[in-house]
Structures are given as structure tokens and as C-alpha cells.
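**Student:** Sequences listed follow chains F and V, in order.
Counting the first sequence from 1 gives a position; the working numbering is that position plus 164.
Counting the second sequence from 1 gives a position; the working numbering is that position plus 1428.
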Amino acid sequence: MLSEIQARHYIDPAVFEREQTHVFGKLWIFAGLRTLLAEPDAFLTRTIGGIPIVIQNLSGVLKAFENQCAHRQMPLQFEEYGQRRLACRYHGWTYDADGRAKTIPDEQTLYRFTSEERSNLCLREFAIEVIGNLVFVNVHKTPIPIEQQFTKEFLEQLAGISSHFSSQAIHTCVPARYNWKLNFENVLDANHVAYVHPRTFRPLIKNGTAQPAEIVPETSVDDSELSCLSFCSTMAMSVQPWPWHAMVEQYGPRDTYHNYFIYPNVNFISVGGLVFLIQQFDPVAADRTEVRFTLMTAKEKQRIAALPAILWGHLKGEKRVLDEDLVLLEALQARLHAGGRPACHGAYETQLRRVADVYLRLMGDKA
Amino acid sequence: MQLALIGCGSIFDAAQTAWPRLGNKCGLDVAQYDLQTLPLASTDTIAADVTAFLAGMDPAKVRVFAAVDYNALNHARLDAYACARLRGFKCATLIHPDAMVEPDVQLGENCWIGAGAIVSSGVRIGNNAFIATGARIDANVQIGNNAWIGPGAALGNNARIGTHSIVGADVKIAANVTLGLHCVIDVPGAYATSLPDGTFIDPLFAFPVHIFGSTVRSAG
Chain F
165 MLSEIQARHY IDPAVFEREQ THVFGKLWIF AGLRTLLAEP DAFLTRTIGG
215 IPIVIQNLSG VLKAFENQCA HRQMPLQFEE YGQRRLACRY HGWTYDADGR
265 AKTIPDEQTL YRFTSEERSN LCLREFAIEV IGNLVFVNVH KTPIPIEQQF
315 TKEFLEQLAG ISSHFSSQAI HTCVPARYNW KLNFENVLDA NHVAYVHPRT
365 FRPLIKNGTA QPAEIVPETS VDDSELSCLS FCSTMAMSVQ PWPWHAMVEQ
415 YGPRDTYHNY FIYPNVNFIS VGGLVFLIQQ FDPVAADRTE VRFTLMTAKE
465 KQRIAALPAI LWGHLKGEKR VLDEDLVLLE ALQARLHAGG RPACHGAYET
515 QLRRVADVYL RLMGDKA
Chain V
1429 MQLALIGCGS IFDAAQTAWP RLGNKCGLDV AQYDLQTLPL ASTDTIAADV
1479 TAFLAGMDPA KVRVFAAVDY NALNHARLDA YACARLRGFK CATLIHPDAM
1529 VEPDVQLGEN CWIGAGAIVS SGVRIGNNAF IATGARIDAN VQIGNNAWIG
1579 PGAALGNNAR IGTHSIVGAD VKIAANVTLG LHCVIDVPGA YATSLPDGTF
1629 IDPLFAFPVH IFGSTVRSAG
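#1: What are the residues in the stretch 228–253 of chain F lying within 7 Å of chain V by C-beta distance?
#2: Should leucine 438 of chain F be flagged as near chain V, meaning a C-beta pair shorter than 8 Å?
#3: Would you be able to state if there are at least three C-beta pairs under 8 Å between the stretch 325–333 of chain F and the stretch 461–480 of chain F?
#4: Based on Cα-Cα distance, which residue from V/Asp1630, V/Ala1483, V/Asp1472, V/Gln1464 lies nearest to proline 405 of chain F?
#5: Sort V/Ile1559, V/Val1637, V/Cys1436 by Cα distance to threonine 1465 of chain V and report the nearest one.
#6: Please state whether DSSP places tryptophan 406 of chain F in a helix, a strand or coil.
#7: Can you pull the chain F neighbours of alanine 1634 of chain V, defined as C-beta to C-beta under 7 Å?
#8: Confirm, please, whether the CB-CB distance from glycine 246 of chain F to phenylalanine 207 of chain F is below 8 Å.
#9: May I have the straight-line CA-CA distance separating tyrosine 342 of chain F from alanine 354 of chain F, to the nearest angstrom?
#10: For lysine 530 of chain F, which residues of its own chain have a beta-carbon under 6 Å away from its beta-carbon, when the five flanking residues on both sides are left out?
#11: Quick one: grab the DSSP three-state call for leucine 197 of chain F.
#12: Kindly indicate which residue of F/Leu471, F/Leu222, F/Ile442 has the alpha-carbon position closest to the one of leucine 486 of chain F.
#13: What is the DSSP secondary structure of lysine 1518 of chain V, counted as helix, strand or coil?
#14: In the DSSP assignment, find the unbroken alpha helix (DSSP H) run with tyrosine 245 of chain F in it and report its ends.
#15: State the DSSP-derived secondary structure class of tryptophan 257 of chain F, mapped to helix, strand or coil.
#16: So, with DSSP's three-state summary, where would you put asparagine 1604 of chain V?
#17: How big is the Cα-Cα spacing for alanine 202 of chain F and proline 1525 of chain V?
#18: Could you have a look at valine 1533 of chain V and say whether DSSP puts it in helix, strand or coil?
#19: Judging by CA-CA distance, which residue of F/Leu479, F/Leu390, F/Lys370 is the nearest neighbour of histidine 1638 of chain V?
#20: Ends of the alpha helix (DSSP H) at phenylalanine 180 of chain F?
#21: Using CA coordinates, which residue listed in F/Leu240, F/Glu244, F/Glu488, F/Asp262 is at the minimum distance from glycine 256 of chain F?
#22: Spell out whether any CB of chain F is found under 8 Å from the CB atom of glycine 1596 of chain V.
#23: Beta carbons nearer than 7 Å to chain F: which residues of the stretch 1494–1515 of chain V have them?
#24: Counting only Cβ pairs nearer than 9 Å, list the residues of chain F close to cysteine 1639 of chain V.
#25: From which residue to which residue does the beta strand (DSSP E) around valine 522 of chain F run?
#26: List, in order along the chain, the chain V residues whose C-beta lies closer than 8 Å to that of leucine 479 of chain F?
#27: When you compare the CB positions of glutamate 1537 of chain V and cysteine 1519 of chain V, do they come within less than 8 Å of one another, or not?
#28: Between the stretch 1442–1451 of chain V and the stretch 511–519 of chain F, can you find at least three pairs of beta-carbon atoms closer than 8 Å?
#29: Would you say glycine 1554 of chain V and glycine 1578 of chain V are within 8 Å of each other, going by their C-beta atoms?
#30: Which residues does DSSP pair with methionine 165 of chain F in a beta bridge?
#31: Which runs of the beta strand (DSSP E), 3 residues or longer, sit entirely within the stretch 431–518 of chain F?
#32: Among V/Tyr1619, V/Gly1641, V/Cys1611, which one has its Cα closest to the Cα of tyrosine 1498 of chain V?
#33: Report yes or no: do three or more beta-carbon pairs, one from the stretch 308–318 of chain F and one from the stretch 379–399 of chain F, lie closer than 8 Å?
#34: Is histidine 1503 of chain V helix, strand or coil when you go by DSSP?
#35: Using a C-beta to C-beta distance shorter than 7 Å, which residues of chain F count as neighbours of glycine 1437 of chain V?
#36: Whose C-beta lies closer than 8 Å to the C-beta of glutamate 349 of chain F among residues of the same chain, with five residues either side of it excluded?
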């Protein structure tokens, strides 16, 4: 069946801009890890729906604000993760736990705000939900309930597996020259593993194939539920045992590969419940994505001296797998053109068709 | 007396090749030492391999040198070194006869100074730190335990290199720069900015990689 998504959805800057409001400005978007925000004034910064966001631990409560000083828009926090009070380094303004300007140096002599102006000096606040150790933000003025985007069962699964995260994570961003949707579609497509990752990933799969046992083609995916786009699958995997495995609280049975799809742009996997990788495909432009990699082990039962080396080694392995996808997806993106044919989906690609259906309705391109 | 040379990789090969000349510059009276080697196929079971090799040896008569490159942020070499120390063996520090080391340099044990390396006055090097071929260490640099300074690397005056850090081949660290614990710089070039703990600069990644969360210090 022909895909309803056209080439323009991958190449048109106007479509990209529309996605910022209609998809990323409307849905719950994964923002970061609760484990890295445990300390007072710990923070993370992101850009979601084109809006710079800071999420900060303020007296034990996580708050999400627009990361711009109410004075002259300087970002309050610069680093991706850090620990620093909520204050602007440009003119020294500080903010309280509700995002209101708390202290303004030389306020009376230099600024002389009216009381009304002063009362309006506060940061824009956004909705935040914490599922296990996963922090989600919604920048819409009236966000949908998170249970509308993810089923209760899926939220419980996320809470359960993420509770096994270690408090230390290794993180980086990988620039990619393709549209973010190509990467999300790629991770949904288990069939590519045998051809794109024959030596890195495929040998780890126990029964030799990543395909589901049964493929039931659906002729119509119209009116697919938003919540059906986020789900978990598992498959048997050969996990080489290492001594450090006994030092962590493994999640679930050994030799299982857990694969979570968190719409719109996160793929979260776990190798044997021992190592967890969150891949997020952040849209930067119509033809550019920032792939955010965050990897951690399961929670330690005892001190692991070589933990940084373990994290570094696993991250490099995952990057090599991504690089195999990158080559193909960048070539695909480079040759997309407005007059090109849409994709033709086979029986096993029903989920891709559901994703397209929901996406087009979110974008207003389909009733 | 015996020197038990254990390991794999470039330093193991260099030490084995240079052995008779090696002993002359590093305090060992080579005439009194027999060289026993344990070449390892991999470092996967290094602690067990070292234990088996040293079993039955008399710590009073054997010095050990763990010669493993920077595998696993130098943790593999640390495993071998720690295993030997826990069994009561003393570890030797080896200096290649073609290295230049100022007399006041402080060296820990199980260190390696490679051919053509220059180590200037006032330098302090911790235990189990390796300085590879042609590296240049300027005055008053401090290098932490279990570090690796790669071939042709240069550390400017007063630079500080944290425990388990790796300065790769042809990397130039400017004067007064500090690399935290568990840092890796493996892209050749000049670096004038200090790096926090758990920062990795590697050709595989376009941007630096960071470890966040519990301090790296608590893990190493």
C-alpha cells in the first residue's frame, strides 16, 4: 500500500515549522532523566517545539520553565545537564521555585518597575510528568493528558524498566543529515537489521531474525489511536556475560532485548536489562536531526570501579550501529525530491502506516 | 631475581624488545634479573591470568610489570597491577634507555616511560601511568594514577591529568590545563580548555561525550 506521507513531509521547511507546533508543540516529549536531576538545583536544558526549556530541581520538585530571563531573554542555564541556582548571569536576576523574579540587583535605582510590571516578571512554566525515571514535558498551553498519548499499561512498563537505571549516564549528540521521521521509521522496521547491521547487531539476535512470528496485514489504519504508536516489544538475544553483570540489578530475564517506541521521536532499548540506551531524534531542520544518545547500566548493587569504561565501551558500540543506519538514511534524504513517489508498504509495515495516519491528522493534513 | 612482564599491546612488545637495555636505566640491575613473560591474548580475564601466572612465585624474588595499553580506560592494566600488589608482589617501573627523565621527577610504581619521551623537572607521575614513545611532559606537570599519555603527546607546564585519563597520540595539552578523572582526548590537536570529569573527545563522535550523574570520582 502506498504511504500517505509524501516526499515534501521530509524536505519542506514549511512542514518542519508546522511540526514544531502541531507535533512537538502538542505532544508529551521526552526531556531527560530524573536520575540526573536528583540534587538540589540540578537542571537540564532542551529545545522542544522550538522553545528553549530548562527543567530544574527546585526544593525537590521538578519544574519546567522557558529558558529565557524575563529581562532580556538570556538563557538562564547553558549546559545540557548541570547544577546551579536558577539565575541569570547577564544582570544577576534570580528566580524562585515558581519562576517569579526573586531578586533583581539595583532594582529600585536602575529598573523602577511599576508593581504591575514587577508582578509580570516571571518565567513561562510548562507541564511536566515524570514516569519512573523518564521526564516528559508538554509545551502546549492546554496539554492533553499523558494517558491520551500513552496507554496506562505502557506507562507502567516505562516506570518499571526505568526504575532500574543507574544514577550515572553517558550522553552525547550526533548530528545527522536527514529528517527525524526517517530515523523513527527506521527503528520501527526490524527487517532492515539483517541487511544494514549484519555484523554488529544481527549476530546478537538469537533466532536469526528480528521479525515478529506472525504478520497480520491490515487494509485500513484510518483513525489509528495516538496511544497505539507507543509500545514495547522483546526478542531473544545472546548477551555475553561479563563480571560486572553480577554487580547490577538486572531488569527482567537475561538474554532479552527490550525495544520501546515512544512516539513521536524516542527509541529506548535495553540489552538484557543490563544496559539501557535512549535514542531521541530531535528535529533541527527539515533535513537535519540531532540524534541524542543517553546510555546507562542497570543500578549498581556495589561500587563498580570501571563503570566509566563500561559506559564508554557500550556507547561506542551503539554509535557504530547508528553509523550503519546514518549512511543509508543520509543517502535517502539527499535524493528525496518533491516529485518523488511515496513509499510502498508491505504487510509487515502496518505500524509505519499507523504512524503516518496519526502524523497527518496531527498536522491537519488529514481529517 | 625475576622480572615478570605481563600483558599485551605496544608497551608489552616494546618492553620485551628493549629488555636487556631497559634494565640499565631504571634502577634494576639487569644482570641479576631473569625476564619471564606472560603474553596475554586478551584482557578479558586478566586478573585470573595474572593470578595463575604468579601462583607459586616468591614475592621476595619477583618484580612484576603489568604492560597493558589503555584498554578500558586503563582499568585492564589496573586489574593486573592490583592483582600483583594484592598478592604481595612489588611492581617495577621501567624507563626506556632512550627516554630523557630529569633526576627530580617523581615516579610511582608500574610506570612506563617510552623511547624518546622527555619528562621535565618537577613532574609527578602516579602509579601505573604510562608515557608512550616521544611524549613530552613539561615542567611541574602532575599525572594521576592509571593514566595514559600517547605517542607524540605533549603536556604543557603545570598541566594536570586526572586518574584513568587518556591523552591520545599527538594531542597537545596547553599549559595550566586540567583534565579531570576518566577523560579521553583522542583527536590530535591543541587543547587549551580544561575538561570536567568524564569528558570524551573521540573521532567516532562529532561532539564531546559526557558522563553525568553521580560523580565519576565515586566510580574510580
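By construction, the Cβ of each residue, glycine as well, lies at the ideal position given by its N, Cα and C atoms.
**Tutor:** In short:
#1: Tyr245
#2: no
#3: yes
#4: V/Asp1472
#5: Closest option to threonine 1465 of chain V, Cα to Cα, is V/Cys1436.
#6: coil
#7: Result: Val338, Pro339.
#8: yes
#9: 20 Å
#10: Leu524
#11: strand
#12: With distances taken between Cα atoms, leucine 486 of chain F lies closest to F/Ile442.
#13: Here lysine 1518 of chain V sits in strand by DSSP.
#14: Premise fails: tyrosine 245 of chain F lies in the beta strand (DSSP E), 245–247, not in any alpha helix (DSSP H).
#15: coil
#16: coil
#17: Rounded to the nearest angstrom, the two C-alpha atoms are 52 Å apart.
#18: coil
#19: F/Leu479
#20: 177–186
#21: F/Leu240
#22: With 8 Å as the cut-off, glycine 1596 of chain V does not count as an interface residue toward chain F.
#23: Of all residues in the stretch 1494–1515 of chain V, Ala1500, Leu1501, His1503 have a Cβ within less than 7 Å of some Cβ in chain F.
#24: Note that residue 1639 of chain V is isoleucine in the sequence shown, not cysteine. Within chain F, the residues placing a beta-carbon under 9 Å from that of isoleucine 1639 of chain V are Gln332, Ala333, Ile334, His335, Leu471, Pro472, Leu475, Trp476, ordered along the chain.
#25: For valine 522 of chain F, no beta strand (DSSP E) segment is defined; the enclosing uninterrupted segment is the alpha helix (DSSP H) at 514–526.
#26: Val1637
#27: yes
#28: no
#29: no
#30: Looking at the DSSP assignment, methionine 165 of chain F forms no beta bridge with any residue, so it has no partner.
#31: For the stretch 431–518 of chain F, whole beta strand (DSSP E) runs of length 3 or above, ordered along the chain, are 439–449, 452–461.
#32: V/Cys1611
#33: yes
#34: Here histidine 1503 of chain V sits in helix by DSSP.
#35: Under the 7 Å cutoff, chain F gives no residues; its nearest Cβ is about 16 Å from glycine 1437 of chain V.
#36: Leu516, Val519
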